[in-house]
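For the sequence shown, the positions run 16 to 289 when the numbering used here is used. We put the CB at the ideal spot given by N, CA and C, even for glycine.
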Amino acid sequence: MRKLFTLLFTIIIFQQFSLASFDPTARGGRSAGMGGTSVSQTNFWSVFNNPAAISFNRDISAGLFVENRFLMKELNFRGLGVILPIASNDAFGLQVEQFGHSQYLESKVGLSYSKKFADRFAFGLQFDYLNTNIGEGLGTGHNFTFDLGIYSKLSEKISMGFTAFNPIRSKLTSYNDIDEYIPIVFKLGAHYKFSDVMLFAAEVEKDIANKAVLRFGADYKISEIIYARAGISTGVVSYSFGVGVFYNSFCFDLATAVHQILGPSPQISLHYTF
Numbered sequence: 016m017r018k019l020f021t022l023l024f025t026i027i028i029f030q031q032f033s034l035a036s037f038d039p040t041a042r043g044g045r046s047a048g049m050g051g052t053s054v055s056q057t058n059f060w061s062v063f064n065n066p067a068a069i070s071f072n073r074d075i076s077a078g079l080f081v082e083n084r085f086l087m088k089e090l091n092f093r094g095l096g097v098i099l100p101i102a103s104n105d106a107f108g109l110q111v112e113q114f115g116h117s118q119y120l121e122s123k124v125g126l127s128y129s130k131k132f133a134d135r136f137a138f139g140l141q142f143d144y145l146n147t148n149i150g151e152g153l154g155t156g157h158n159f160t161f162d163l164g165i166y167s168k169l170s171e172k173i174s175m176g177f178t179a180f181n182p183i184r185s186k187l188t189s190y191n192d193i194d195e196y197i198p199i200v201f202k203l204g205a206h207y208k209f210s211d212v213m214l215f216a217a218e219v220e221k222d223i224a225n226k227a228v229l230r231f232g233a234d235y236k237i238s239e240i241i242y243a244r245a246g247i248s249t250g251v252v253s254y255s256f257g258v259g260v261f262y263n264s265f266c267f268d269l270a271t272a273v274h275q276i277l278g279p280s281p282q283i284s285l286h287y288t289f
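Structure (structure tokens):
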């Protein structure tokens with residue numbers, strides 16, 4: 016009975032608040048601390064957040080993140096990513112993600128390619144394999160889809176990004192003649208560098224089945240190795256804050272987003288540049 020209750024509660028929460036790995040919320044502690052803004056950034060976490068921007072990473076790099084949604088052990092979210100530059104203007108990316116637990120588990124594998132043009136513009140394409148497994152013999156679902164990404168550096172201070180997740184509206188599964196579709200999500204964002212130590216980002220996210228969400232975030236360089244972040248997002252209002260530490264080739268980020276109803280979701284991430 017307890018297992019069944021946990022399973023039903025997890026599914027209800029997922030359906031209500033789009034928690035799963037199929038929902039392209041921002042990955043990485045930096046974006047998480049900045050209100051979820053992500054598509055205009057060219058750091059390592061673009062391997063999860065915007066396939067176009069990975070070509071601005073010129074060294075092989077790898078990283079992972081772990082997030083605990085609302086401090087519930089059943090809602091753990093984790094991912095591993097790698098960026099592999101193959102030429103001066105090209106790069107491949109790989110991401111692997113899992114959300115949930117043994118009674119409700121979502122998995123995603125994505126392979127991306129990015130092409131950069133004149134250090135000002137980049138286009139990216141990512142192919143995804145998605146899988147859902149529900150315990151107690153209640154079924155599975157899987158399918159393929161893709162993401163599109165665009166990144167543009169308009170000036171030394173202003174950059175913009177755009178992503179389209181699952182624009183073909185792939186179906187995940189069918190149950191009792193009811194079709195379940197993977198979300199279609201568009202994001203458009205920009206950031207502005209006020210100075211060498213201060214950056215502000217804004218982004219709009221539109222799931223075609225839900226109202227648009229606005230996201231705002233700021234990043235402040237406290238010292239050569241320490242950064243502070245804060246942000247806010249609309250919908251059901253969520254506040255976020257975080258800190259980042261850069262040391263040699265390591266980058267460590269810690270952030271927490273606080274949902275107005277469901278509470279905090281801490282995230283920790285680490286990446287290394289070879």
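Terminal residues of the continuous beta strand (DSSP E) containing alanine 245? As a working note, residue 245 is residue 230 in the sequence shown. Note, alanine 245: beta strand (DSSP E), 241-248.
Glycine 44 and serine 284: beta carbons closer than 7 Å? Here residue 44 refers to the residue found at position 29 of the sequence shown. Here residue 284 refers to the residue found at position 269 of the sequence shown. Contact: yes.
Any chance you could list the beta strand (DSSP E) runs of at least 3 consecutive residues sitting entirely within the stretch 186-221, in chain order? 186-190, 193-196, 200-208
Taking the DSSP output, what are the residues bridged to glycine 51? Here residue 51 refers to the residue found at position 36 of the sequence shown. Its beta-bridge partners do not exist; DSSP assigns none.
Counterpart residues of leucine 277 in DSSP-defined beta bridges: Working through the sequence shown from its first residue, we reach residue 277 at position 262. In the DSSP output, where bridge partners are listed per residue, leucine 277 has none listed.
Residue from Glu220, Ile193, Ser122 whose Cα sits closest to the Cα of isoleucine 199: Within the sequence shown, numbered from 1, the residue matching residue 199 stands at position 184. Residue Glu220 is the option with its Cα nearest to isoleucine 199.
Can you tell me whether asparagine 181 sits near the ligand HEM, meaning its C-beta is under 6 Å from at least one heavy atom of the ligand? Of the ligands one can find in the structure shown there are none, so the ligand HEM has no counterpart to examine.
Check whether the stretch 55-66 and the stretch 138-153 touch, using three or more Cβ-Cβ pairs below 8 Å as the test. yes
On a Cα-Cα basis, can you pick out the residue from Phe80, Trp60, Phe85 that is closest to glycine 278? The residue labelled residue 278 in the question sits at position 263 within the sequence shown. It is Phe85.
Simplified DSSP state of proline 66, which is helix, strand or coil: By one-based count along the sequence shown, residue 66 stands at place 51. Here proline 66 sits in helix by DSSP.
Own chain residues within Cβ distance below 6 Å of phenylalanine 201, not counting five before or after: Residue mapping note: residue 201 aligns to position 186 of the sequence shown, counting from 1. Taken in chain order, the residues that qualify are Ala179, Lys221.
With distances taken Cα to Cα, identify the nearest neighbour of lysine 131 among Tyr262, Thr57, Asp211. Counting from one through the sequence shown, the residue named residue 131 turns up at place 116. Taking only the C-alpha atoms, the option nearest lysine 131 is Thr57.
Inter-residue CB distance, aspartate 105 and serine 129 (contact presumed, cutoff 8 Å): As a working note, residue 105 is residue 90 in the sequence shown. As a working note, residue 129 is residue 114 in the sequence shown. Yes, aspartate 105 and serine 129 are in contact; Cβ-Cβ is about 7 Å, under 8 Å.
Roughly how many angstroms lie between the CA atoms of aspartate 268 and proline 281, to the nearest whole one? The residue given as residue 268 occupies position 253 in the sequence shown. The residue given as residue 281 occupies position 266 in the sequence shown. Distance between the alpha carbons of aspartate 268 and proline 281: 11 Å.
DSSP state of lysine 123 mapped onto helix, strand, coil: Mapped onto the sequence shown, residue 123 falls at position 108. Residue state, collapsed to three classes: strand.
Going by DSSP, what residue range makes up the beta strand (DSSP E) through glutamine 110? Here the question's residue 110 lines up with position 95 in the sequence shown. Residues 105-116.
Measuring only the C-alpha atoms, how far is phenylalanine 265 from phenylalanine 289? Within the sequence shown, numbered from 1, the residue matching residue 265 stands at position 250. Within the sequence shown, numbered from 1, the residue matching residue 289 stands at position 274. In a straight line, the C-alpha of phenylalanine 265 is about 9 Å away from that of phenylalanine 289.
For the beta strand (DSSP E) holding asparagine 148, just list the boundary residues, first then last. Here residue 148 corresponds to residue number 133 of the sequence shown, with the count starting at 1. Its beta strand (DSSP E) spans residues 136-149.
Reduced DSSP secondary structure (H/G/I, E/B, other) of glycine 226: Here residue 226 refers to the residue found at position 211 when the sequence shown is read from its first residue. Looking at the sequence provided, one finds lysine at residue 226 rather than glycine. Lysine 226: coil per DSSP, three-state reduction.
Check whether the stretch 69-76 touches the stretch 89-102, counting contact only when three or more Cβ pairs, one atom from each stretch, lie closer than 8 Å. The stretch 69-76, when compared against the stretch 89-102, does touch it at the 8 Å Cβ threshold.
Go to methionine 175, then tell me how far its beta strand (DSSP E) extends in each direction, as first and last residue. Here the question's residue 175 lines up with position 160 in the sequence shown. Unbroken beta strand (DSSP E) run through methionine 175: 173-180.
By Cβ distance below 6 Å, which residues in the same chain neighbour glycine 108 in space, the five residues on each side in sequence not counted? Counting from 1 along the sequence shown, the entry for residue 108 is found at position 93. Excluding the 5 residues flanking it on each side, glycine 108 has same chain C-beta neighbours closer than 6 Å at Val62, Ile69, Ile98, Ser127, in chain order.
From Ser55, Phe59, Ile183, Ser103, residue whose alpha carbon lies closest to that of glutamine 110: For the purposes of this step, residue 110 is taken as residue 95 along the sequence shown, with counting starting at 1. Considering only alpha carbons, the answer is Phe59.
Can alanine 243 and tyrosine 254 be called in contact, C-beta distance under 7 Å? Here residue 243 is taken as the residue at index 228 of the sequence shown, counted from 1. Here residue 254 is taken as the residue at index 239 of the sequence shown, counted from 1. No, they are not a contact pair.
Could you tell me the distance, in whole angstroms, from the CA atom of valine 252 to the CA atom of glutamine 118? Taking the first residue of the sequence shown as position 1, residue 252 is located at position 237. Taking the first residue of the sequence shown as position 1, residue 118 is located at position 103. Roughly 29 Å between the two C-alpha positions.
For leucine 120 and asparagine 148, believed in contact at Cβ under 8 Å, the rounded distance: In the sequence shown, the residue the question calls residue 148 occupies position 133. In the sequence shown, the residue the question calls residue 120 occupies position 105. Their Cβ separation, rounded to whole angstroms, is 5 Å, which keeps asparagine 148 and leucine 120 in contact under 8 Å.
Opposite asparagine 91 in the DSSP bridges: which residues? By one-based count along the sequence shown, residue 91 stands at place 76. DSSP lists Asn83 as partners of asparagine 91.
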